[in-house]
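Protein chains in written order, with the working numbering: chain B, 22 to 123; chain H, 16 to 198. Don't be surprised by glycine CBs; every beta carbon is placed ideally from N, CA and C. Fair warning: this is a prediction, and the values are worked out from it, not measured in the lab.
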Amino acid sequence: MISLPVVLAFAGVMFGIGLYGVLGQTNTIMVIMGVELMLGASMLNVVGFLRYTHPDATSGSFFVLVLMTLMAVEAAVGFALVVSAFRHSRTAEVDDLTELRG
Amino acid sequence: MSDLATALVFWPAAVLMLVTGLYVFITSSMARAGLLLLASLGIEGLVFLALSSEFLGVLQLLMMSGEMVTMVFFMVMFMPDPGGLMGMDMVHDKRRSAAVAGLVGVGLALVAVLTDWPARAVGTDAPDVRAIGFEVMGRSMLTFLFAAMTILFAMVGGVLLAKYGGRYRIGAPAGEDRGGEAR
């Protein structure tokens, strides 16, 4: 019925959807959303491996917890950067934020 | 949970998770995109529950609901058309992005399906929430504290980045007070 490859396949497709957001979206907030989906996919990967290879290990859950923390931190710092960039350039569009371009 | 009940929760939830995730980047309304992302990551919590990870499933639902509601506020603040009434297109390099993302997604799924993983079925030996509680207060306490400190540093760093003035004195419009700093 459900097996590790099925879980990993769903996680892979979810990662691809997140990657589409990161590569294709023009607004910084939408790019952050894409990264969130990619991190969500990696969490699903870890939960899949945890449940199907080491179901009796409790310590594996904390790897997922660290990923959840990473998601929260990435969103917090990302939003702060957007606020800072918006204040400076009056835009949150990635195409317009060109100051660091070589 | 029996095999049938697990399958009845897992399959619809996993498919819905992908569909809502995809619609995040298809809809032209920013508020809707935020709520769809909340739905996608919330449904991922249901998938965790179906995989006998009750603790992680509930934690995912709680964390994502808080995080995504905050994200909706930011989207409404910084999007030129948060309601999506003008039907604007916010995508650049659409074809190549879709091609690369599609290749990566399908490639990963194929690798997942074609590889011979050392898999065990989900059994009754899955640890309960009580065992995870003992783990938090024991061996994994350092990890837990590390996560808490990371969130705290991110909060402080976020406020420092977003406030007026700062080291490079950027952001404050001309003639406006720079957050109480002496000029």
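Assigned secondary structure, residue i (DSSP; H/G/I helix, E/B strand, else coil)
i, result
"residue 120 of chain B", "coil"
"residue 143 of chain H", "coil"
"residue 115 of chain B", "coil"
"residue 196 of chain H", "With a pLDDT of 49 at residue 196 of chain H, under the threshold of 50, the modelled position of this residue cannot be trusted; read the value that follows with caution. In the structure shown, residue 196 of chain H sits in coil (DSSP, three-state: anything other than H, G, I, E or B)."
9 Å Cβ cut-off: residues of chain B touching residue i
i, result
"residue 113 of chain H", "41, 44 and 45"
"residue 69 of chain H", "In chain order: nothing, as chain B lies at least about 10 Å away."
"residue 73 of chain H", "Here the premise fails: no neighbours, minimum Cβ distance about 12 Å."
"residue 90 of chain H", "48, 50, 51 and 54"
Residue j beta carbon less than 9 Å from that of residue i
i, j, result
"residue 49 of chain H", "residue 83 of chain H", "yes"
"residue 35 of chain B", "residue 81 of chain H", "no"
"residue 104 of chain B", "residue 52 of chain B", "no"
"residue 54 of chain B", "residue 74 of chain H", "no"
"residue 49 of chain B", "residue 118 of chain B", "yes"
"residue 13 of chain H", "residue 40 of chain B", "An answer regarding residue 13 of chain H cannot be provided, because it is not within the stretch 16 to 198 covered by chain H."
"residue 17 of chain H", "residue 39 of chain H", "no"
"residue 126 of chain B", "residue 87 of chain B", "Any question about residue 126 of chain B goes unanswered here, given that chain B covers just 22 to 123."
"residue 24 of chain B", "residue 70 of chain H", "no"
"residue 24 of chain H", "residue 65 of chain H", "yes"
"residue 45 of chain B", "residue 36 of chain H", "no"
"residue 59 of chain H", "residue 102 of chain B", "no"
"residue 92 of chain H", "residue 46 of chain H", "no"
"residue 147 of chain H", "residue 74 of chain B", "no"
Neighbour list for residue i in chain B, Cβ cutoff strictly below 8 Å
i, result
"residue 47 of chain H", "By Cβ distance, chain B contributes nothing, its closest Cβ being about 12 Å from residue 47 of chain H, past 8 Å."
"residue 173 of chain H", "97, 98, 100 and 101"
"residue 58 of chain H", "In chain order: nothing, as chain B lies at least about 10 Å away."
"residue 169 of chain H", "93, 94, 97 and 98"
"residue 64 of chain H", "Simply none; closest approach about 10 Å."
Under 7 Å by beta carbon: chain H residues contacting residue i
i, result
"residue 118 of chain B", "None at all; the shortest Cβ gap to chain H is about 12 Å."
Chain B residues whose Cβ lies nearer than 7 Å to that of residue i
i, result
"residue 43 of chain H", "What residue 43 of chain H touches in chain B: nothing, since even the nearest Cβ is about 11 Å away."
"residue 128 of chain H", "26 and 30"
"residue 80 of chain H", "Neighbours of residue 80 of chain H on chain B: none; closest Cβ ~12 Å, over 7 Å."
**OP:** With 9 Å as the C-beta to C-beta threshold (strictly closer), list the residues of the stretch 20–39 of chain H near chain B in chain order.
**Re:** 21, 22, 25, 26, 29, 30, 32, 33, 36, 37 and 39
Subject >> Entirely enclosed beta strand (DSSP E) segments - the stretch 52–85 of chain H, minimum 3 residues >> reply: none
Original post:
Of all the residues that make up the stretch 72–86 of chain B, which are near chain H by a beta-carbon distance shorter than 7 Å?
Top reply: 72, 73, 74, 76, 77, 79, 80, 82, 83, 85 and 86
Original post:
Which residues, in order along the stretch 50–75 of chain B, keep a beta-carbon less than 8 Å from a beta-carbon of chain H?
Top reply: 50, 51, 53, 54, 55, 57, 58, 61, 64, 65, 68, 69, 71, 72, 73 and 74
Subject >> Within the stretch 21–50 of chain H, ranges of the alpha helix (DSSP H) (whole runs, at least 4 residues) >> reply: none
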